[in-house]
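Residue numbers (this note's numbering): 4 to 327. For reference, the structure discussed in these notes is given below.
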Amino acid sequence: MLKIGIFGVGHLGKFHLNNWQQIDEVEIVGFYDPNDKIAKEVEEKYELKRFANAEKLMDKCDAVDIVAPTTYHHELCLAAIKKGKHVFVEKPMTDTLDQGKQIVQMVKEAGVKFQVGHVERFNPAYLSLQSIHLNPMFIEVHRLAQFNPRGTEVSVILDLMIHDIDIILKLINSDVKNISASGVAVMTDTPDIANVRIEFNNGCVANLTSSRISMKKMRKMRLFQKDAYIGIDFLEKKTEIIKLKSEEDNSAFTFDIDTPSGNKTIAIINPITNPVNAIKEELQSFVNSIIHNKNTIVNEIDGYLATEIAHRILDKIKNTTNQP
Ligand SMILES: NC(=O)c1ccc[n+]([C@@H]2O[C@H](COP(=O)([O-])OP(=O)(O)OC[C@H]3O[C@@H](n4cnc5c(N)ncnc54)[C@H](O)[C@@H]3O)[C@@H](O)[C@H]2O)c1
């Protein structure tokens, strides 16, 4: 059995706990959380041991799950890597870029498995596209949430947009050429809403809007490529493809339209999405990478690269709008 300790059992930490309990290869050793009220609740409900400090719990584990606020990710990751423990850390991997660089170096030296909680990589809507050739040239993203003080220790870029940055970096095999960005701090001291345009060397343009001060929730990514439109709804866990019909699209709903270059047949495809629990999938995947000595699906380099783009965006916002 792989011995796991959980660091931070607040909102997301409790979801992790519930999922760890469903993973066969794992034994939960206990948790560390400095908040007495939250810790008491968890001790009673889950009958789990609360450790008096992080180091003591780490010593008893093979792997750690860090679900503390972002500002604590670096120190907890460092302590765990120094002890040779495998690390799962929530997104964003770190608050600052220097912290991220240090982690990348230390993971390499220690040879431990390291995974970042970019959970959308395990979202059924995204996974349903695995067999589709994706080569978008234009991407439009909206990730909107209602205001919640949780997560506001960092800007909306590091809190919400980072999910889409990670997916886009995975989709586009090209370097970032230019970034323009605008953001406004409405409820907190850092941007709560932002619009960002990322241009890639291959010509792809991604236009991202993220807000944590909206009235309704939305998590949509729309991809446009030469022969297709692909809509991914991360919230509803649904995907839609509208494309020029090809021979493989025989079972799709189709209709014809006249265009200046002749009659074209359009196919509408709704790939089947498996109703999987993305959090359980990402934790199971982390465990599998330890047990079978395989690379993690979202590693420390992915975590660093997403944070690096997030900081380039934040610098742009600072320079263009005088926001903190
Ligand atoms: N992947 C996702 O979609 C997603 C969603 C929500 C939150 N998150 C991330 O998860 C992390 C936690 O977010 P949350 O919403 O659960 O916050 P939260 O405030 O509800 O919980 C954080 C918990 O960590 C505890 N804590 C504080 N300092 C600690 C320390 N040094 N060591 C251990 N525990 C400590 C707090 O007492 C609290 O119980 C953040 O980094 C956030 O960005 C990710």
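The beta-carbon is built from N, C-alpha and C at its ideal position, and this holds for glycine as well.
Exercise. Using three-state DSSP, classify residue 292 as helix, strand or coil.
Key: helix
Practice problem: Would you check if the segment 121-138 and the segment 44-61 touch, i.e. whether three or more CB-CB distances between them fall below 8 Å? | Solution: no
Quiz item: Is it right to say residue 226 is buried, meaning 16 or more other beta carbons lie within 10 angstroms of its own, or is it exposed?
Solution: Flag for residue 226 reads buried.
Exercise. Have a look at 104, 136, 117, 173 and flag the residue whose alpha-carbon is nearest the alpha-carbon of residue 123.
Key: 173
Self-check item: Three or more C-beta pairs below 8 Å linking the segment 57-66 and the segment 84-98
Solution: yes
Practice problem: Identify the continuous alpha helix (DSSP H) that holds residue 109 and give its terminal residues. | Solution: 100-113
Practice problem: Check whether the Cβ of residue 268 sits closer than 7 Å to any heavy atom of ligand 1, and report yes or no. | Solution: In this structure, ligand 1 has no non-hydrogen atom nearer than 7 Å to the beta-carbon of residue 268.
Self-check item: Contact set for residue 156: own chain, Cβ-Cβ below 7 Å, skip 5 residues either direction
Solution: 72, 73, 74
Quiz item: Does DSSP put residue 54 in a helix, in a strand, or in coil?
Solution: coil
Quiz item: Going along the chain, which residues of its own chain have a beta-carbon closer than 6 Å to the beta-carbon of residue 243, five neighbours each way excluded?
Solution: 234, 273
Quiz item: Hey, would you say residue 204 sits closer than 8 Å to residue 180, going by beta carbons?
Solution: yes
Quiz prompt | Three-way DSSP call (helix, strand, coil) for residue 60 in this model | solution = helix
Quiz item: Taking the alpha carbon of residue 70 as the point to measure from, which residue in 160, 118, 107 has its own alpha carbon closest?
Solution: 118
Quiz item: What runs of the alpha helix (DSSP H), each 4 residues or longer, lie entirely inside the segment 249-306?
Solution: 281-294
Quiz item: Between the segment 157-168 and the segment 248-255, are three or more C-beta pairs nearer than 8 Å?
Solution: no
Quiz item: If you draw a straight line from the alpha carbon of residue 228 to that of residue 206, how long is it in whole angstroms?
Solution: In a straight line, the C-alpha of residue 228 is about 12 Å away from that of residue 206.
Quiz item: Mapping DSSP to helix, strand and coil, what is residue 65?
Solution: coil
Quiz prompt | Exposure label - residue 287; buried when at least 16 CB within 10 Å | solution = buried
Quiz item: Does the Cβ of residue 93 lie closer than 7 Å to at least one heavy atom of ligand 1?
Solution: yes
Exercise. Give the DSSP-derived three-state secondary structure of residue 328 in the structure shown.
Key: No statement about residue 328 is possible, as the shown extent of the chain runs from 4 to 327 and does not include it.
Exercise. Alpha carbon to alpha carbon, how far is residue 186 from residue 160? Give it in angstroms, no decimals.
Key: 9 Å
Practice problem: May I ask whether a heavy atom of ligand 1 can be found less than 7 Å away from the beta carbon of residue 57? | Solution: yes
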